[in-house]
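>
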Amino acid sequence: MSRLIGLGLLLAGLLYPFAVYFGMEHFAPWQFGLLLGGLWLARALTGERRPGSLWMAAAAIVFCLLLAWFDQPALLRWYPVLISSCMLGLFGLSLKYGPPVAERLARISEPDLPEKAIRYTRQVTIAWSVFFLCNGVLAAALTLWAPLSWWTLYNGLIAYGLMGLLFAIEWLLRQRVRGRR
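In terms of this note's numbering, the sequence shown is residues 1 to 181.
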């Protein structure tokens, strides 16, 4: 059940900008808030306990409650900023309190990481932190000053393309680092 809820949240996140763009004519902001908040609440109640998952869910639920309460269309555009902020918090705090997120993920397949790999995963976590910072700032700027179509294009396509590019670059670099061991 928790995987189904996680998949629902993933799809909601991927489709959210398009749902806002095409759905604002048919649905009120409070309806978006209740639907999205319900998914986050279900995730908090049934999901795996990973570092940061509860406070991320709490932040999203508070946002959704505010969205439902104030019922303002302008608030709909702040959700990508919230998600980038939460991801920045998750990655950034892992650098301070450790282990870094990338190291935790690497240890799933390779529990005994060499020191060089640990340093590398720290750099990867820093790179993702910088990405989420820049992504959040750009999403906020688009929320404040751009037309809805630009906001939708960036948050619905370009941001995911940039994430994919960062994944690809990191994968290529990881192959080079592994080759030198």
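Yeah, the Cβ is synthetic: ideal placement off N, Cα and C, and Gly gets one too.
#1: Quick check on P147: does DSSP put it in helix, strand or coil?
#2: Would R32 and L93 be called neighbours here (beta carbons separated by less than 8 Å)?
#3: Could you give the DSSP three-state label for E110: helix, strand or coil?
#4: Apart from the five residues just before and just after G8, which ones in its own chain have a Cβ nearer than 6 Å to its Cβ?
#5: Are the CB atoms of L88 and L54 within a distance shorter than 8 Å?
#6: Three-state secondary structure (DSSP) at I27?
#7: Contact between the segment 160 to 173 and the segment 116 to 128: three or more CB pairs below 8 Å?
#8: Output needed for A58: all residues of its chain with C-beta closer than 8 Å, excluding positions within five of it in sequence on either side, in chain order.
#9: G98 and I61 - do their beta-carbons sit closer together than 8 Å?
#10: So, do the segment 96 to 111 and the segment 155 to 167 have three or more beta carbon pairs nearer to each other than 8 Å?
#11: Given that a residue counts as buried once 16 or more other Cβ atoms are within 10 Å of its Cβ, and exposed if not, what is S85?
#12: According to DSSP, simplified to helix, strand and coil, what is Q72?
#13: Suppose you measure from the CA of Y16 to the CA of W128; what does that come to, to the nearest Å?
#14: Please work out which residues of its chain come closer than 8 Å, Cβ to Cβ, to L66, disregarding the five sequence neighbours upstream and downstream, and give them in chain order.
#15: For D112, which residues in the same chain have their Cβ closer than 8 Å to its Cβ, ignoring the five residues on either side in sequence?
So, from the data block:
#1: P147: coil per DSSP, three-state reduction.
#2: Before going on, a small fix: residue 32 reads as Phe here, not Arg. The answer is no: Cβ separation not under 8 Å.
#3: It is coil, neither helix nor strand.
#4: If we look at G8 and ignore the five residues flanking it on each side, its Cβ neighbours are L39.
#5: L54 is not a Cβ neighbour of L88, given a cutoff of 8 Å.
#6: First, the residue type needs correcting, since residue 27 is Phe and not Ile in the sequence shown. Looking at F27 - three-state DSSP - the assignment turns out to be coil, as it is neither helix nor strand.
#7: Output reads yes: the segment 116 to 128 touches the segment 160 to 173.
#8: Cβ neighbours of A58 beyond the five flanking positions: A44.
#9: Between I61 and G98, the C-beta spacing is not below 8 Å.
#10: Counting Cβ pairs under 8 Å, fewer than three are found: no touch.
#11: Here S85 is buried, its C-beta having at least 16 other C-beta atoms within 10 Å.
#12: In this structure, DSSP gives Q72 a state outside helix and strand, which the three-state scheme calls coil.
#13: Cα to Cα, Y16 sits roughly 22 Å from W128.
#14: Residues of the same chain with a CB within less than 8 Å of the CB of L66, apart from the 5 flanking positions on each side, are G33 and L75 in chain order.
#15: For D112, where only same-chain residues beyond five positions count, there are no Cβ hits under 8 Å.
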